[in-house]
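Have a look at the structure below, then the notes.
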Amino acid sequence: MAGRGVDIKLGGELDEEILGDTNRVLERAGYDAYNMTNLERRDALLRMKPEDFSIYEEQVRAFLQYMDEMEKVRELGGLHVIGSERHEARRIDNQLRGRSARQGDPGSSRFYLSLEDDLMRLFGGQQVTGLLERLKIDESIPIESRLVGRLVEQSQERVEGSNFDVRKHLLEYDDVLNAQRNRIYEQRDRVFTKEDLSEDIEEMLRVELQQRIPQELNNPEGPWRLLAYLEDIQPPISWNDLRYPSFTMRLLISEIERRKPAEGATAAHLRRVLLELAENAFAAEREHVMKSFNELLDKTAGTIEEQRKERLDSLDAFFETLEDRLEGEQPVRPQELAEELLTLARLPGTRLSNEQVRWLTQDPQRLREAIEAMIDTYLLNFNASRMVAALERRVGESLNLRPGQLNGMDWNEIADTLEREAEALFDRIHERLFGPAGQITRDLDSALEKTDDYLTEPDQLLDLLSMMATGSRLVFDRKTHRQGLLQTTRLRWVYLAAQLLGEVSPQEITRQVLEHLEGAGEVLQQIFGAVDAMVLQQNRVTLRQTDPRLHTYFKDALGEEEFEQVADLPLESLSEEQREIVESVLGWWRQNEIYRQLLLSAISELWVDYLTRVEALRVSIGLEAYAQRDPLVQYKARASEMFTTLLSEIRSAVIMRMFNLRPRQAGAAPAAEGAMAQPAPAVSNTPAGSNDRGTKKRRHRH
1 MAGRGVDIKL
11 GGELDEEILG
21 DTNRVLERAG
31 YDAYNMTNLE
41 RRDALLRMKP
51 EDFSIYEEQV
61 RAFLQYMDEM
71 EKVRELGGLH
81 VIGSERHEAR
91 RIDNQLRGRS
101 ARQGDPGSSR
111 FYLSLEDDLM
121 RLFGGQQVTG
131 LLERLKIDES
141 IPIESRLVGR
151 LVEQSQERVE
161 GSNFDVRKHL
171 LEYDDVLNAQ
181 RNRIYEQRDR
191 VFTKEDLSED
201 IEEMLRVELQ
211 QRIPQELNNP
221 EGPWRLLAYL
231 EDIQPPISWN
241 DLRYPSFTMR
251 LLISEIERRK
261 PAEGATAAHL
271 RRVLLELAEN
281 AFAAEREHVM
291 KSFNELLDKT
301 AGTIEEQRKE
311 RLDSLDAFFE
321 TLEDRLEGEQ
331 PVRPQELAEE
341 LLTLARLPGT
351 RLSNEQVRWL
361 TQDPQRLREA
371 IEAMIDTYLL
381 NFNASRMVAA
391 LERRVGESLN
401 LRPGQLNGMD
411 WNEIADTLER
421 EAEALFDRIH
431 ERLFGPAGQI
441 TRDLDSALEK
451 TDDYLTEPDQ
461 LLDLLSMMAT
471 GSRLVFDRKT
481 HRQGLLQTTR
491 LRWVYLAAQL
501 LGEVSPQEIT
511 RQVLEHLEGA
521 GEVLQQIFGA
531 VDAMVLQQNR
541 VTLRQTDPRL
551 HTYFKDALGE
561 EEFEQVADLP
571 LESLSEEQRE
581 IVESVLGWWR
591 QNEIYRQLLL
601 SAISELWVDY
611 LTRVEALRVS
621 IGLEAYAQRD
631 PLVQYKARAS
641 EMFTTLLSEI
651 RSAVIMRMFN
661 LRPRQAGAAP
671 AAEGAMAQPA
681 PAVSNTPAGS
691 NDRGTKKRRH
701 RH
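Using full-length UniProt numbering, read the sequence shown as starting at 1 and increasing by one per residue.
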C-alpha cells in the first residue's frame with residue numbers, strides 16, 4: 001500500500017552498484033552520467049564499443065538487460081492491480097489504484113466483487129440480488145454495470161459518514177481533556193513568566209484554609225485535627241537566634257501571657273502556669289487516647305462476633321456434607337478433611353491431634369465443639385494482641401502485661417482489664433513526668449534557674465514549651481548492642497490548644513491562622529535573605545556580580561544612585577540599613593524562586609498521575625451504557641470532579657512544603673555569568689528547629 005516506503009519499478013529493482021559502475025564507464029567516455037536519465041544512459045552505452053566497457057562489461061550488460069525488461073513490461077501494459085474486494089473507505093481503494101501507472105508508467109487496475117463481501121452484504125447487496133433474481137441471471141456470470149459501481153460508492157459514502165460520526169463523538173471526549181490541558185499549561189506558563197508569585201501563593205493558602213478550617217471544626221472529635229494539620233505544614237521555626245512558633249504554640253503563648261498578673265510575672269508564677277498547662281495537656285491527651293481506645297474496644301467486640309459467625313457458618317456447611325463425603329464413591333482421607341476444616345475455620349498455625357482427626361469419623365459433634373472453642377480462643381487472643389499493640393504504639397510505652405494474664409477471659413473481661421492497665425500506664429507516666437522528681441518538673445526548674453529573663457519574651461516561652469514537650473530515655477540498640485538516648489515526645493500540645501480555641505467562629509480562626517502563616521512566610525524570607533547575604537560576603541561577591549535580574553530590584557529598593565555607589569563594594573562595607581535592604585531583596589528573590597519550583601514540581605508530578613487516572617476512566621466509562629446513562633455525559637461530569645480534585649491536590653502539595661523548607665547549608669545568591677562560580681543555596685525539607693550551624697568534613701574510607 002501507499003506510504004510504506006516501497007516503490008514498484010517496471011523491470012525490477014536495479015542494484016545501486018550496477019548503476020554506479022555504469023556511470024563510471026560513461027564518465028570515462030566523456031559523458032555527464034550523473035545528469036542523464038536511464039534511457040539516455042542506455043542509448044549512450046549502445047553507441048559505445050564493448051571493449052570500452054573494460055572490467056565493467058558484466059555490470060553494463062546487466063544494466064542493458066534491466067532496460068530491455070522494463071521496455072517489455074511497458075509494451076505489455078505496465079503494472080495491472082487486481083482488487084479482490086472494495087474497501088469501506090474510498091481512500092483505501094484509491095491508494096490501491098495508485099500503485100499502478102505511477103510516475104508516468106503505463107498501468108491499469110480492476111476490482112472483482114462478490115455479493116457476499118462485507119460491504120455488499122451490509123449496504124446494497126440485497127438490491128443487486130433482487131435484480132439478479134428478477135432478470136433470472138445465472139450467478140456464475142460476471143456482472144459489469146454502472147449500477148453496481150454506484151451502489152458500492154453509495155455504500156462507501158454511508159460507511160465514511162458513520163466513521164466520521166464516530167470520530168466526531170470521540171473528539172468530544174478529547175475536548176474535555178484538551179480544555180483541562182490548556183488550563184494546566186496556562187498555569188504552568190504563568191508560573192514560568194510571572195515575576196512575583198506571592199499573590200498566587202497567598203490566594204492558594206487562603207482558599208485552602210477557607211475550605212479546611214470549617215470542615216475540621218465540625219469534626220465530632222474536636223478541632224485538634226486542624227491544629228495537627230497546621231503543626232505539619234508549619235512547625236516552629238528556629239534558625240540561629242530567630243524563633244517563630246507554630247499556631248499551636250502561639251495559642252499556648254497567648255494563654256501564658258493572658259495569665260500574667262498585672263504587677264508582672266515572677267519565676268514562681270511562670271513555673272506554676274507552665275506546670276499547670278503541661279498537666280492539662282497531659283490530661284487532655286489522656287482523655288483523648290482513652291476515649292479512642294474504648295471506642296476501639298467496643299468496635300472490636302462487634303468485629304469478633306461477626307468473624308465468629310462467619311467461621312461457624314463455614315463449619316455448618318462442612319459438617320452437613322461430612323457424612324456424604326466419607327461414604328461417597330471416592331471417599332476423602334481424614335487428614336485432608338482435617339486440613340480443609342482448619343482452612344475453613346481460619347486457624348493459622350493450628351494442627352489437629354491424631355485423636356481429633358479420628359473424631360471426624362467417630363464423633364463429629366465432639367470435634368465441632370473443639371473447633372468452636374479453638375475459634376473463640378484464637379479470636380480473643382488475636383484481637384487482644386492487636387489492642388495492646390495499638391495502645392503501646394500510640395503511647396510509646398509497654399503495658400507490662402503478665403504472660404497469660406488475659407487467658408480464660410471473655411471479651412468483656414479482657415476489655416475491662418486492658419482499660420485498667422491503660423489507666424495504670426498513664427498514672428505511671430504522669431508520676432514520671434510530674435512527680436516530685438518528675439522529668440518535666442526537673443527540666444523546667446533547671447531551665448528557670450539559668451536566667452531571670454524567661455518571663456516575658458515569646459521566643460523564650462517557645463523554648464520552654466518545646467523543652468517540656470520533648471525528652472529522652474535510655475534504650476538498647478539491638479543492632480549495635482549498645483545503650484543510647486532516644487528522643488521522645490512527652491507532651492502533645494494540640495489537644496490542650498484545641499480546648500483553648502473555645503467557641504471562636506470559623507471566620508475568625510481562618511483570619512488568625514492566615515495572619516500567622518503570613519508571618520511565618522516573612523520569617524522564612526528573612527532567613528533566606530540572611531543566608532544569601534552571608535554567602536555573598538564570604539565569597540566576596542558584590543551586588544553588581546549578582547544575577548542581572550536582581551539589579552532592578554536593588555535599584556528600586558536602594559535608589560538607582562545609591563545602588564551605583566555601593567554596587568562594587570564588598571557587602572561588609574555597607575551600612576546596617578543598606579544591608580537590611582539587600583537581605584530583604586535577596587530573601588524575597590530566593591523565596592519567590594522556591595515558590596516557583598514548588599508549583600512546577602507539584603503541577604508536573606500530579607498532572608502526569610491525573611492523565612493516567614483519566615485514561616482509566618475513559619476506558620471504563622462505556623459500562624455506564626448498561627445503566628441507561630450516556631457515557632459521554634458521565635465522563636464529562638467525573639472528569640470535571642477529578643480535575644477539581646487535582647487543583648486541590650496541587651494546592652495542598654505546595655502548602656504542605658512551603659513552610660518546611662530551610663537552608664541546608666551556606667549556598668550562594670544568584671550570580672551573573674562570568675562572575676565567581678558559586679553554588680546555589682541548598683534548600684531541604686529540614687524540620688523546623690533543626691539548625692545546621694556548620695558541617696564538618698568527613699574522611700571517607702576507600
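All C-beta atoms, glycine included, are put in the ideal place defined by N, C-alpha and C.
In this text the structure is predicted, and so the values were computed from the model without any measurement.
Secondary structure of residue i, DSSP reduced to three states
i	result
F111	strand
G302	helix
L474	strand
F493	Reading off the sequence shown, one finds Trp at residue 493, where the question assumed Phe. W493 falls in the coil class under three-state DSSP.
T377	helix
T546	strand
S398	coil
L297	helix
H87	coil
G559	coil
T361	helix
Q628	coil
S238	strand
residue 784	Any answer about residue 784 is impossible in this case: the structure gives the chain only from 1 up to 702.
L574	coil
Contacting residues, own chain, Cβ-Cβ under 6 Å from residue i (five flanking each side not counted)
i	result
D459	R243
D298	none
D117	E85
P214	P506
Rounded separation between residue i and residue j - CA only
i	j	result
L574	E562	11 Å
R478	T488	18 Å
P334	G484	56 Å
Q211	E257	31 Å
F382	D313	20 Å
H87	E641	42 Å
A669	L461	Legend: pLDDT at A669 = 46, less than 50; position of this residue unreliable, value from coordinates given subsequently. The alpha-carbon atoms of A669 and L461 are separated by roughly 34 Å.
S108	I82	9 Å
T542	W607	41 Å
R490	M468	7 Å
R110	R90	14 Å
Q591	L274	36 Å
R393	R386	10 Å
Neighbour-count burial assignment, residue i, 16 or more Cβ in a 10 Å radius
i	result
A268	exposed
A281	buried
F476	exposed
P663	buried
P261	exposed
A677	Because A677 carries a pLDDT of 33, less than 50, the predicted location of this residue cannot be relied on, and no value is offered for it.
F528	buried
A338	buried
I55	exposed
V619	exposed
V332	exposed
9 Å Cβ cutoff met for residue i and residue j
i	j	result
D93	Y595	no
R651	E208	yes
N412	A265	no
R271	L444	yes
P391	A422	According to the sequence displayed, residue 391 carries Leu and not Pro. Against a cut-off of 9 Å, the Cβ pair of A422 and L391 comes out as a contact.
Q356	L344	no
I233	I509	no
I253	L465	yes
L227	A557	no
V395	F426	yes
M70	K168	no
Same chain, Cβ closer than 7 Å to residue i, five either side skipped, listed in chain order
i	result
L379	I304, Q307, R308
S84	Y112
P223	E216, L217, A498, L501
I440	A278, L433, F434, M468, R490
8 Å Cβ shell around residue i - same chain, five flanking residues per side excluded
i	result
R473	L485, L486, T488
L600	R188, V191, F192
L322	L337, L360, P364
Distance cut-off 8 Å: residue i Cβ against heavy atoms of the ligand ADP
i	result
G104	Absent from the structure shown: the ligand ADP. Ligands present: none.
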